[in-house]
Structure formats: C-alpha cells, structure tokens
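Residue numbers (our numbering): 29 to 201. Step one of this worksheet: look at the structure below.
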C-alpha cells in the first residue's frame, strides 16, 4: 500500500490566521474596506477573484476556504454586518442571488442536498463579521468521512479554478 499525499496549499493562509490575532488577508487593503469590498473592487478578472455573478447591489463568489467543492457565498457589494443594515433592494437581490446560487450548485454538482446559511457575528462563527454573506454549498450523504472525523482534515478533489468554471457555466442567465 502506497502513501497518499493530500495537497491543499490554499488553506495555509487560513490556518496561520486561525488564532484571530491578525487577519493576514487584510494587510494589503485599505482599512476602510471590508475584505469582500476589496475583492469586489479589485481590478482582477472574475476568474481570478472567483466572482461568479454581479448584480446591481450584490454579488457571488467562491469561498476561498471551502467546506466542500462548490462552496460559494452571496453578499452585498458594500460592507454590511447585519440583515437590518441592508436596503430593501439589497435584501431582495441578496435572496434572488441565493436562489440563483442554489440553482447553479444543483446543476453543476448534482448534490443530494444544499446547505444555505449565515453566521452573523463572530460569536455565531462569522470569519468576516463586518460583511454579511450567505453560504451556499453542495452536500452529499457521507461527505463527512474519516479524514474530517479523525484527522480534522477535509479533502477537496477539485481546484478553486475548476469549481469557478463549473459554477460559472451553470449560473442562470
């Protein structure tokens, strides 16, 4: 039996900042912008920012630290920490975007289920508490396996670029 290697190089940034003392992702962005505002305003092309959809007030992008392949987020273009802080137009477009995201995830991955959720505030588990975002991710029976249970490790068989292409092609027109 040969030893299998697991490579998930994009997770190192997350692991190194896991103690919460410093957000290493924010060191090169303006202090007045949230992480997601900086990503949204970046002049990089969508396939490098992993932006899947842009509406009038909201957008969707892949989670850079996914729970599973196809894990994406729908969020307002401006930094808003709570649902109460959204305008009526943002609220409506956010949930329209979530509906489109679930359609894209279903079409691209054919999962057995889909998780949709928000973590509002650090105490609720929000990694970026100053900018609300709705998580949308495909799920399958048995996708929590021994690696997660025993080694606290998740295996993702698809690169972020491949996930972006798959979901972009499946996003409703």
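Ideal placement from N, C-alpha and C gives every residue a C-beta, glycine not left out. These numbers come from a predicted model, not from an experiment.
If you pair each beta-carbon of the segment 124-138 with each one of the segment 148-159, do three or more pairs fall below 8 Å? The segment 124-138 vs the segment 148-159: no contact.
Kindly indicate the opening and closing residues of the beta strand (DSSP E) around residue 82. Per DSSP, residue 82 belongs to the beta strand (DSSP E) from 79-82.
For residue 67, I'd like the list of residues in its chain whose CB is within less than 6 Å of its CB, leaving aside the five on either flank, ordered along the chain. The answer, listed in chain order, is 77.
Tell me, to the nearest whole angstrom, how far the beta carbon of residue 98 is from that of residue 195; I am working on the premise that it is less than 8 Å. A Cβ-Cβ distance of about 6 Å is found for the pair residue 98 and residue 195, placing them in contact under the 8 Å criterion.
Going straight from the alpha carbon of residue 114 to that of residue 138, what length do you get? Each residue's Cα considered, the two are about 32 Å apart.
Helix, strand or coil for residue 163 per DSSP? Looking at residue 163 - three-state DSSP - the assignment turns out to be strand.
Can you find the residues in the same chain that come closer than 7 Å, C-beta to C-beta, to residue 81, ignoring five residues on each side of it along the sequence? Same-chain partners within the cutoff: 87, 88, 125, 128 and 199.
Pick from 106, 96, 83 and 72 that is closest to residue 60, judged by C-alpha positions: Checked all of 106, 96, 83 and 72; the closest Cα to residue 60 is 106.
From the DSSP output, read off the bridge partner residues of residue 143. Checking the DSSP bridge columns, you'll see residue 143 partnered with 165.
Within 10 angstroms of its Cβ, does residue 70 collect 16 or more other Cβ (buried), or is it exposed? Exposed.
Classify residue 110: buried if its beta carbon has 16 or more other beta carbons within 10 angstroms, exposed otherwise. Counting C-beta atoms within 10 angstroms of its own C-beta, residue 110 has fewer than 16 neighbours from the protein chains shown and is therefore classed as exposed.
Return the CA-CA distance between residue 146 and residue 161, expressed in angstroms with no decimal places. Distance between the alpha carbons of residue 146 and residue 161: 6 Å.
Enumerate in chain order the residues of its own chain whose CB-to-CB distance from residue 143 is below 6 Å, with the five nearest sequence positions on each side excluded. Residues 165 and 167 of the same chain have their beta carbon placed closer than 6 Å to that of residue 143, with the five preceding and five following residues left out of the count.
Continuous alpha helix (DSSP H) assignments of at least 4 residues falling wholly in the segment 68-132: Counting only runs of at least 4 residues, the segment 68-132 fully encloses the following alpha helix (DSSP H) elements, listed from N- to C-terminal order: 74-77.
State the CB to CB distance for the pair residue 117 and residue 85, rounded to an integer number of angstroms; the pair is presumed to be in contact (CB under 8 Å). 5 Å between Cβ atoms; contact.
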